[in-house]
Every structure is written in structure tokens, then in C-alpha cells.
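Each residue of the sequence shown is one higher than the last, beginning at 1 in our numbering. These notes are about the structure you will find just below.
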Amino acid sequence: MDHINISKSYSAKAEPTGTPGEFLALVSAFGNEDSQGDIIQAGAFTKTLAEWTLKDRPIPVVWSHQFTDPESILGKYVEAQETDAGLLLKGQLDLDHPKAARIHKLMLDGLIVEFSISGQVRDYELIKSDGEESWWPSLLIKDIDLWEAGPCFKGANPDTELLSIKSDGRLTGAVRTVAKEGRVLAQKHVTALKDAHAQLGEIIAAVDTQDADKTKTAPVPAVPAAKSVLSPNVRALLDLSL
């Protein structure tokens, strides 16, 4: 089964515990369909919480999935447990860090009210839906490798998961899944895929020609850059803007 990278956001006002910088947040609700059509099953975090315990490392509190910025690591979670409602986390912000202190105040003032998790789905079932525009499979998520959780100003838009999938080659996997499950692609998606197949074939042929001509002494014109070769349909496909 292919693994899928995800980010998901939930409205979850932080509740102070009485300790400065400490808060409680229910960051993932069980059994409810989210804005992307997915449902997280109770028990989906059991394995990953055990793995974090074994590693003897805290789950980081990260502002809005900004992994590449160490300044966006706001603190750590000191407790994590699954409840009947969802994943409940107790976080401790580093109030000596100006960014963490500022975000903590915004959380307490009710100006930041959403939390977001990110990780990798390791076990799931497809949730079937009708209609040609619903070609992207919705998931019943059974097991998540949790990477981090943190406050965010606004929940991830529906394209966030697609961009993550693009980065690890999930586009072709998604199309295979749709075909295997008997799903019907919208005509605009079929057209874009056919156009991509044809255009990429031309690029490969041009590269093969260039390689064959390397043994000749005559100069070989450079192969046009991919940007000038790709049609708008293909560029849209590669940007996952179907």
C-alpha cells in the first residue's frame, strides 16, 4: 500500500493549564469527515505515539508546518493521548522565544484558533464517492505517522495534500488508484493526461536525438528547455492544478 503525506487542520482553541506557556488542544477529531472528505479513525495515532515514546523525543510544536525555519519550532508537547474525541495534546511553548510568545498570546486572545497536524498515512481504506469531479479518493485513515502538530492562522486549503503528493511522486499513484477502483476521470483530466503523455514523449525523443549526435563533430543545437516545450495543459498538470 502506498503511503500518503498529509496535512490537516482543525478548529481547536488552546486552553491554558495554569502553567505559563502551557496549553491543551484537541488537534484531530475522530469519525468526522473533514474538508478534504477524509475521516480519521479512532486508534489512528496509537502506533505513532508509542514510537515517539520509544524514541524518547518530544513531538515538536511547529507554526503552520514551517519545517525549514527553526524559528518556527515554538516548543514541544509534554503529553499526548488518544481520547474518545480525538488526539489530545498538552503543549509547552518556549516563552523566551519571541515568536512563540507572540503566537501564544494570539492563541489565548482567540485570534489563532486552529491547529494543524502533518504526517504520513500508513494504512487507509478508500471512501467511494460519486460524480466526475470527485476523482481524488477520500480516505478512511487508520494509521498515521505523526511528524508534528501546531497552531496555524488558517487551515490548509484542499490543495495542500496534492502538493505534498506531487513532491513524492504520488500523482501517478493517485491515477493508478482511481483506475483500480473503477473511478471515472473528468474529461479535462483525461485531456491533460493525454497531452502530458504526448509532450513528454517528444521531449524524450529530442533528448535521445541529442545523445545520438554527441558522436558527431558538427555542433548540435541545444534541446529546447522544457518550459518552452510544455503546453499549458501539461504545465497545469505538473502544477497539479487540474
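Beta carbons are placed, not taken as given, at the ideal position from N, Cα and C, and that holds for glycine.
Three or more Cβ pairs closer than 8 Å define a contact, and the segment 96-115 meets that threshold against the segment 144-154.
Taking 4 residues as the shortest admissible run, the segment 20-96 contains the following complete alpha helix (DSSP H) segments, listed from N- to C-terminal end: 46-55. The residue from Y77, V62 and A100 with its alpha-carbon nearest to that of D56 is Y77. Across the set T46, L146, I117 and L95, the C-alpha of I117 shows the shortest separation from the C-alpha of D34. A residue is called buried when at least 16 other Cβ atoms come within 10 angstroms of its Cβ; T48 meets this threshold and is buried. Shown here for T46: same chain residues with a beta carbon closer than 7 Å to its own, the five before and five after excluded, namely E82 in chain order.
Here the C-alpha atom of P60 lies approximately 31 Å from the C-alpha atom of I127.
Residues G21, E22, F23, V61, L74, G75, A100, A101, I103 and H104 of the same chain have their beta carbon placed closer than 8 Å to that of L93, with the five preceding and five following residues left out of the count. At the C-beta level, G86 and A25 stay beyond 8 Å of one another. Around the C-beta of N5, 16 or more other C-beta atoms lie within 10 Å, and the residue is accordingly described as buried. A50 counts as exposed, since fewer than 16 other C-beta atoms from the protein chains shown sit within 10 angstroms of its C-beta. Residue S72 holds the alpha-carbon nearest to the alpha-carbon of P98 among E79, S72 and L88. Per the coordinates, the alpha-carbon of D38 lies some 11 Å from the alpha-carbon of V121.
Its chain contains I103, L106, P151 and F153 as the residues whose beta carbon lies nearer than 7 Å to that of I112, once the 5 sequence neighbours on both sides are disregarded; these appear in chain order.
Across the structure, W52 and P58 are spaced so that their CA atoms are roughly 7 Å apart.
Contact annotation, Y124 with L140: C-beta distance approximately 6 Å; criterion of less than 8 Å satisfied. Under the three-state reduction of DSSP, L146 is assigned to strand. In this structure, the beta-carbon distance from I144 to A42 does not fall below 8 Å. In the three-state reduction of the DSSP assignment, P151 falls in the strand class. If you draw a straight line from the Cα of S138 to the Cα of G31, it comes to about 14 Å.
When beta bridges are read from the DSSP output, I112 appears opposite no residue. Only residues of its own chain outside the window of five on either side were considered, and among them L24, V78 and E79 have a CB closer than 6 Å to the CB of K90, listed in chain order. I103 has no beta-bridge partner at all, per DSSP.
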